[in-house]
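Residue numbers (my numbering): 2 to 442.
By construction, the Cβ of each residue, glycine as well, lies at the ideal position given by its N, Cα and C atoms.
Since we're looking at a predicted model, the values are computed, not measured.
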Ligand SMILES: [Zn+2]
Ligand SMILES: [Zn+2]
């Protein structure tokens, strides 16, 4: 109580800011109730002192009436006809400048902004001017505050509590769907709406569709004659076909597409499909009916793409997809040879490729955008079938990251061994399909 009185002697403090310096004392009481109680206790003992004509009682009542904003002290002084000065009537709390009085209006504004969004969890983030925090730090050091709490904490807790009373949502500290950013001093409220992640697998049923949006090489997306003013090399992509439906369903701003590797534009992606995660920026709706979403994507992409296994996901899965080199993939490639092939050629291919390591320098066709490295990839299993005197079908199960077209051609000696090299017969990949992408989960 002596410490509290010393603080009030020097600075005007509201109930919140006085109580906060003793926040760790007692349980289940808010700081304003704590501060108000301390002021009241001081008023009562000062009143007793002044009635007994003990020196200093009246001075303490005056401190409480001015710096303590105490109505009780003001009333006692009035009755004693000793309250003359109103010199401190205009001043605000030294620490919060009276901003705790505005919480209700900030909460109302936050609730209004939140109305536009679907969310299950949220968190309040408090932004304070550096000067205010420094001022509080100096104050605490000066009065040797040991049981205090920070102003940021109290603003955050009170605002969060008041919002919960209205929206009945859960406060989530680690992965909130929305962060309500409140600056009590500038009196601003903003929302940070975190992205929505939907994971699944896609199949690409037609050739000629890139995985992601491919900007026109001529205009780099601005739109020109060459791309019919679309800014794109291909009118649609797996990303856009799925993204369009997801944007319709969520009202989000944009989507980003992440997948475990990618097939070439002219390759199909078959089997159970390739794992992907699509990220929706600033979604207004996030309680999606995934079965219905799947239906909508599949009818919109009919004959081109198909999705399955849709699930809600988070950023961790994006990270795991990106370092998906441990995946196993299965390919089917139709090969055309320059010269006729015979049964012993097929046997030789199987022997040399299965359970073997392929050494590949970055393919010539992607050298312009990838670093020139040598990588080694393992082939687990090989199946070969002759289709005609100069055509065969090759099925491989291999480590993710193997360039299959180059395995066939040899890429001017940059991939060894290769189908062309082993048979000394020029081989060309005609059609490529990805049959499965296995992430091991
Ligand atoms: Zn205050
Ligand atoms: Zn263009």
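Item: One or two residues paired with residue 443 in a DSSP bridge; Value: Summary: the structure shown does not reach residue 443, with the chain confined to residues 2 through 442, and so no result is reported for it.
Item: Span of the alpha helix (DSSP H) around residue 249; Value: 239-251
Item: Test item: CB-CB of residue 377 and residue 365 under 8 Å; Value: no
Item: Residue 454 versus residue 164 - alpha carbon distance; Value: Limits of the chain in this structure are 2 at one end and 442 at the other, which puts residue 454 out of reach.
Item: Collapsed DSSP secondary structure at residue 231 in the structure displayed; Value: coil
Item: Nearest-angstrom beta carbon gap, residue 264 and residue 447 [assumed within contact, 8 Å]; Value: Residue 447 cannot be examined here, being either before or after the span of the chain that is shown, 2 to 442.
Item: Alpha-carbon to alpha-carbon, residue 208 and residue 433; Value: 9 Å
Item: Complete beta strand (DSSP E) runs within the region 255-314 (minimum length 3 residues, chain order); Value: 255-260, 268-282, 306-314
Item: Check your reading: residues with Cβ closer than 7 Å to ligand 1 heavy atoms; Value: 14, 15, 17, 18, 94, 96, 97, 99, 101
Item: C-alpha distance - residue 416 paired with residue 409, whole-angstrom precision; Value: 9 Å
Item: Residue 217 Cβ short of 7 Å to ligand 2 heavy atom set; Value: yes
Item: 8 Å Cβ cutoff met for residue 312 and residue 200; Value: yes
Item: Whole-angstrom distance between residue 315 and residue 395, CA atom to CA atom; Value: 37 Å
Item: For residue 137 and residue 283, the rounded distance between their alpha carbons; Value: 36 Å
Item: Contained alpha helix (DSSP H) runs [length at least 4] in the region 31-71, N- to C-terminal order; Value: 32-52, 58-67
Item: Test item: CB-CB of residue 6 and residue 43 under 8 Å; Value: yes
Item: Rounded distance between the beta-carbons of residue 172 and residue 123, thought under 8 Å; Value: 7 Å
Item: Residue 80 in three-state terms, based on DSSP; Value: helix
Item: Cβ-heavy atom distance, residue 214 to ligand 2, below 7 Å; Value: no
Item: Where residue 373 falls, given that 16 or more other Cβ within 10 Å makes a residue buried; Value: exposed
Item: Element boundaries [alpha helix (DSSP H), containing residue 160]; Value: 152-168
Item: Candidates 257, 126, 222: closest to residue 175 by CA position; Value: 126
Item: Residues near residue 307 by beta carbon distance below 6 Å, same chain, minus five either side; Value: 204, 299
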